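Undergrad: 42 is the number of the first residue of the sequence shown in the working numbering; add one for each residue after it.
A virtual CB, placed ideally from N, CA and C, is assigned to each residue, including glycine.
Predicted, not measured: the structure shown is a model, and the values here were computed from it.
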Amino acid sequence: MQIVEKKSEGLSRTWGVVIAAAELAGKLDAKIEEMRPQIQLKGFRPGKVPAAHIKKMYGRSLMGDLLNETVEKSVQQAVGEANVRLASSPEVSNLGDLDQVVAGAADLACDIQAEIMPTFEPVGVEGIELSRPVYAVSDAEVEEALERLASENKTYADKKGKAADGDQLTIDFVGSIDGVEFEGGKGEDAAVVIGSGRFIPGFEEQLIGAKKGEERTLEVTFPEDYPVATLAGKAASFAVTVKAVQAPAETVVDDEFATKLGLSSLDALKDALRTNLQREIDGLSRARAKRRLLDVLDTAHSFDLPAKMVDEEFATIWTAVEQDRARGEIDPEDAGKSEDEVKGDYRKIAERRVRLGLVLAEIGQRAQVEVTDMEVSRAVQMEAMRYPGQERQVMEFFRQNAGAIARVRAPIFEEKVVDHILSVAKVTDVPVSRAELEADEDAAPAPPPAAPAPKPKKKAAKAETAEEPAAEAAADAAPAKKKAAPKKKAADAE
Numbered sequence: 042m043q044i045v046e047k048k049s050e051g052l053s054r055t056w057g058v059v060i061a062a063a064e065l066a067g068k069l070d071a072k073i074e075e076m077r078p079q080i081q082l083k084g085f086r087p088g089k090v091p092a093a094h095i096k097k098m099y100g101r102s103l104m105g106d107l108l109n110e111t112v113e114k115s116v117q118q119a120v121g122e123a124n125v126r127l128a129s130s131p132e133v134s135n136l137g138d139l140d141q142v143v144a145g146a147a148d149l150a151c152d153i154q155a156e157i158m159p160t161f162e163p164v165g166v167e168g169i170e171l172s173r174p175v176y177a178v179s180d181a182e183v184e185e186a187l188e189r190l191a192s193e194n195k196t197y198a199d200k201k202g203k204a205a206d207g208d209q210l211t212i213d214f215v216g217s218i219d220g221v222e223f224e225g226g227k228g229e230d231a232a233v234v235i236g237s238g239r240f241i242p243g244f245e246e247q248l249i250g251a252k253k254g255e256e257r258t259l260e261v262t263f264p265e266d267y268p269v270a271t272l273a274g275k276a277a278s279f280a281v282t283v284k285a286v287q288a289p290a291e292t293v294v295d296d297e298f299a300t301k302l303g304l305s306s307l308d309a310l311k312d313a314l315r316t317n318l319q320r321e322i323d324g325l326s327r328a329r330a331k332r333r334l335l336d337v338l339d340t341a342h343s344f345d346l347p348a349k350m351v352d353e354e355f356a357t358i359w360t361a362v363e364q365d366r367a368r369g370e371i372d373p374e375d376a377g378k379s380e381d382e383v384k385g386d387y388r389k390i391a392e393r394r395v396r397l398g399l400v401l402a403e404i405g406q407r408a409q410v411e412v413t414d415m416e417v418s419r420a421v422q423m424e425a426m427r428y429p430g431q432e433r434q435v436m437e438f439f440r441q442n443a444g445a446i447a448r449v450r451a452p453i454f455e456e457k458v459v460d461h462i463l464s465v466a467k468v469t470d471v472p473v474s475r476a477e478l479e480a481d482e483d484a485a486p487a488p489p490p491a492a493p494a495p496k497p498k499k500k501a502a503k504a505e506t507a508e509e510p511a512a513e514a515a516a517d518a519a520p521a522k523k524k525a526a527p528k529k530k531a532a533d534a535e
């Protein structure tokens with residue numbers, strides 16, 4: 042097998058591969074001999090089918106398999122000799138006449154095109170200087186949270202007289218449409234708080250003035266967007282029996298209240314609330330620091346980007362933009378711009394995301410950042426929990442889909458690299474008010490990074506923002522990634 046680099050332009054590479062007919066013929070003959078004992082054809086004893094007959098019947102198919110194996114090995118050899126990493130799946134072109142190759146009358150000759158990963162020297166993360174806005178939760182905020190918790194855990198006491206707004210009723214009910222009970226329209230000992238909005242519009246309001254032991258018929262109409270299609274927009278009657286009427290009782294926030302919520306004391310409850318509030322604030326603080334870090338990294342690096350990576354990232358972003366447009370959600374910054382101008386803006390976002398993904402991957406590799414199987418397993422379990430009742434199917438999907446696992450691993454790797462950088466960079470904590478911390482970053486004063494960078498204003502379809510690196514780009518560049526196999530099978534490349 043001969044491999045020659047035919048073209049090298051930027052990150053694009055083309056290798057010419059020639060495999061001698063004799064070499065292929067030998068591999069084909071060996072493959073046929075390996076198969077002969079298992080082949081059974083009409084007119085021949087088991088295992089006694091002549092090699093020439095097998096070649097006539099299955100030669101092209103077998104040669105196709107051999108070509109794919111040989112081309113993949115040639116890709117690995119070419120990449121190894123050039124000491125590069127692939128950024129895209131190789132594509133096979135200029136493949137000759139396979140019939141001639143199968144017949145042994147011609148050598149196999151083809152071209153293999155691929156993009157390689159860029160080589161660059163990442164900025165020294167120890168020298169990065171960042172400010173991180175921080176905020177400590179106040180006692181007043183803890184008290185506010187305690188009040189909200191108390192209001193959400195109201196207690197009720199039996200009352201005499203008629204039900205009023207805010208009261209809780211215990212009822213039995215039976216729903217019907219045109220005199221016929223419908224599935225799911227029956228309940229016993231149901232708790233209804235008038236004014237809570239938990240039942241369909243009009244249901245709770247018609248219970249005002251009801252007394253214990255009273256029977257009422259409520260006339261309501263299901264909303265047009267009700268999730269059960271057979272009920273959406275339908276008028277229904279509910280026969281209701283009121284079994285109890287209770288008024289809100291004063292909620293005493295004390296040790297007993299805390300005990301009912303599973304805490305040992307009121308002080309323990311306050312500590313838990315403070316911890317939860319501070320965790321939320323710290324997450325926001327980290328997000329602000331991460332954004333500033335990404336601005337610095339983006340400005341500090343300039344290198345050629347794999348075009349296919351950028352194209353794929355842009356396609357992902359643009360799909361999200363079009364989906365938002367279909368829902369009538371248009372970014373105000375896109376108004377008045379031509380389609381080409383808007384696409385140009387989002388392509389710059391795609392380039393930034395790919396560049397940051399590659400930078401984080403390189404920094405993570407040099408720092409030997411790793412994602413453990415346990416971390417991936419935990420993330421997969423959390424994903425499965427998003428689909429109640431289908432957890433087993435989701436877990437099975439991930440077990441059988443290496444690509445899905447890679448997509449789970451990528452953001453974990455990214456966050457661990459960011460944490461690593463923040464742990465070694467020169468990060469200065471700057472106390473700010475909660476309002477300043479929660480304000481939009483673009484509206485806040487520019488942070489003082491070591492290398493100031495203009496903040497991108499464009500947001501890419503909400504979930505795909507310009508601030509985020511392309512996690513999959515980082516995964517593609519990570520050292521554990523297997524070398525990409527040829528995208529197009531050699532046998533199908535004619």
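For tryptophan 56, which residues of its own chain have a beta-carbon under 6 Å away from its beta-carbon, when the five flanking residues on both sides are left out?
TA: So the qualifying residues of the chain are Ile44, Glu46, Ala119, Ile153.
Undergrad: Taking all protein chains shown into account, decide if valine 556 is buried (16 or more other Cβ within 10 angstroms of its Cβ) or exposed.
TA: This structure cannot settle anything about residue 556, because the visible part of the chain is limited to 42 through 535.
Undergrad: Please report the Cβ distance between leucine 310 and leucine 302, rounded to the nearest whole angstrom; I am assuming they are in contact, meaning their Cβ atoms lie under 8 Å.
TA: 6 Å between Cβ atoms; contact.
Undergrad: Inspect the beta-carbon positions of leucine 346 and valine 400 and report whether they are closer than 8 Å.
TA: No.
Undergrad: According to DSSP, simplified to helix, strand and coil, what is glycine 88?
TA: Here glycine 88 sits in coil by DSSP.
Undergrad: Can you have a look at proline 429 and say buried or exposed, based on whether 16 or more other CB atoms are within 10 angstroms of its CB?
TA: With fewer than 16 Cβ atoms within 10 Å of its Cβ, proline 429 is classed as exposed.
Undergrad: If you drop the 5 nearest sequence neighbours on each side, which residues of the same chain put their C-beta closer than 8 Å to that of tyrosine 267?
TA: Cβ within range, chain order: Ile241, Ala273, Gly274.
Undergrad: Taking Cβ positions, are isoleucine 157 and arginine 54 nearer each other than 8 Å?
TA: Yes, they are a contact pair.
Undergrad: On a CA-only basis, which of Tyr99, Leu103, Glu132, Val351 is nearest serine 115? Give me that one, please.
TA: It is Glu132 whose Cα lies nearest to the Cα of serine 115.
Undergrad: Thinking just about the alpha-carbon of each residue, which of Gly385, Glu403, Gly369, Ala128 is nearest to the one in valine 459?
TA: Cα-wise, what sits closest to valine 459 is Glu403.
Undergrad: The beta strand (DSSP E) with alanine 276 in it runs from where to where?
TA: From DSSP, the beta strand (DSSP E) with alanine 276 extends over 276-290.
Undergrad: Using DSSP with H/G/I as helix, E/B as strand and the rest coil, what is isoleucine 390?
TA: It is helical.
Undergrad: Can you name the residues that DSSP bridges to isoleucine 153?
TA: According to DSSP, which records beta bridges pairwise, isoleucine 153 is partnered with Trp56, Val133.
Undergrad: How long is the line joining the alpha carbons of valine 412 and proline 159, rounded to whole angstroms?
TA: Rounded to whole angstroms, valine 412 to proline 159 spans 23 Å at the Cα level.
Undergrad: Is it right to say aspartate 483 is buried, meaning 16 or more other beta carbons lie within 10 angstroms of its own, or is it exposed?
TA: Only weak support exists for where aspartate 483 lies, its pLDDT of 46 falling under 50; the value from the coordinates is given anyway. With fewer than 16 other Cβ atoms within 10 Å, it is exposed.
Undergrad: Name, in chain order, the residues that DSSP records as bridge partners for valine 412.
TA: Partner(s): none; valine 412 has no beta bridge.
Undergrad: Do lysine 253 and valine 283 have their C-beta atoms closer together than 8 Å?
TA: Cβ atoms of lysine 253 and valine 283: closer than 8 Å.
Undergrad: Identify, in the order they occur along the chain, each residue of the same chain with its Cβ nearer than 6 Å to the Cβ of glycine 145, setting aside the five sequence neighbours on each side.
TA: Hits under 6 Å: Ala62, Ala66.
Undergrad: What are the start and end residues of the beta strand (DSSP E) that includes glutamine 364?
TA: Premise fails: glutamine 364 lies in the alpha helix (DSSP H), 348-367, not in any beta strand (DSSP E).
Undergrad: So does methionine 415 have its beta carbon nearer than 7 Å to some heavy atom of the ligand ATP?
TA: This structure does not include the ligand ATP; it has no bound ligands of any sort.
Undergrad: Examine the Cβ distances between the segment 219-236 and the segment 253-264 and report whether three or more of them are shorter than 8 Å.
TA: With the cut-off at 8 Å, the segment 219-236 and the segment 253-264 do not touch.
Undergrad: On the three-state DSSP scale, how would you describe proline 174?
TA: Three-state DSSP puts proline 174 in a strand.
Undergrad: Take arginine 141 and list the residues in its own chain whose beta-carbon comes closer than 7 Å to its own, dropping the five residues that flank it on each side.
TA: According to the sequence as given, residue 141 is glutamine; it is not arginine. Only Ala147 meet the Cβ criterion.
Undergrad: Which stretch, first to last residue, makes up the alpha helix (DSSP H) that contains glutamate 167?
TA: Element bounds for glutamate 167: n/a, residue is neither H nor E.
Undergrad: Provide the residue span of the alpha helix (DSSP H) that contains proline 452, from first to last.
TA: Its alpha helix (DSSP H) spans residues 443-465.
Undergrad: Under 8 Å between the Cβ atoms of glycine 385 and phenylalanine 454?
TA: No.
Undergrad: Determine the DSSP secondary structure at leucine 304, reduced to helix, strand or coil.
TA: If DSSP states are grouped into helix, strand and coil, leucine 304 belongs with coil.
Undergrad: Return the first residue and the last residue of the alpha helix (DSSP H) that alanine 186 is part of.
TA: Counting along the chain, the alpha helix (DSSP H) containing alanine 186 begins and ends at 180-193.
Undergrad: By DSSP, does serine 102 sit in helix, in strand, or in coil?
TA: Three-state result, serine 102: helix.
Undergrad: Closer than 6 Å by C-beta to glutamine 81: which residues in its own chain qualify, once you throw out the five before and the five after it? Chain order, please.
TA: Only Pro87 meet the Cβ criterion.
Undergrad: By Cβ distance below 7 Å, which residues in the same chain neighbour alanine 198 in space, the five residues on each side in sequence not counted?
TA: Cβ within range, chain order: Gln287, Ala288, Ala290.
Undergrad: On the criterion of 16 or more Cβ atoms from any shown chain inside 10 Å, does proline 493 qualify as buried, or is it exposed?
TA: Summary for proline 493: the model assigns pLDDT 28, below 50, so the residue's position carries little reliability; its value from the coordinates is reported in the next sentence. The residue in question, proline 493, is exposed, as its Cβ has fewer than 16 Cβ neighbours within 10 Å.
Undergrad: Counting only the same chain and skipping the five closest in sequence on each side, list residues whose C-beta sits under 8 Å from that of leucine 307.
TA: So the list reads Val294, Asp295, Asp296, Phe298, Ala299, once near-sequence residues are dropped.
Undergrad: With C-beta atoms as the reference, is alanine 330 less than 8 Å away from leucine 136?
TA: It is not a contact, given that the beta carbons lie outside the stated cut-off.
Undergrad: For asparagine 109, count neighbouring C-beta atoms within 10 Å of its own C-beta (all shown protein chains included) and say buried if the count is 16 or more, exposed if not.
TA: Label assigned to asparagine 109: buried.
Undergrad: What does the Cβ neighbour count give for aspartate 208, buried or exposed, with the cut at 16 atoms within 10 Å?
TA: That one is buried.
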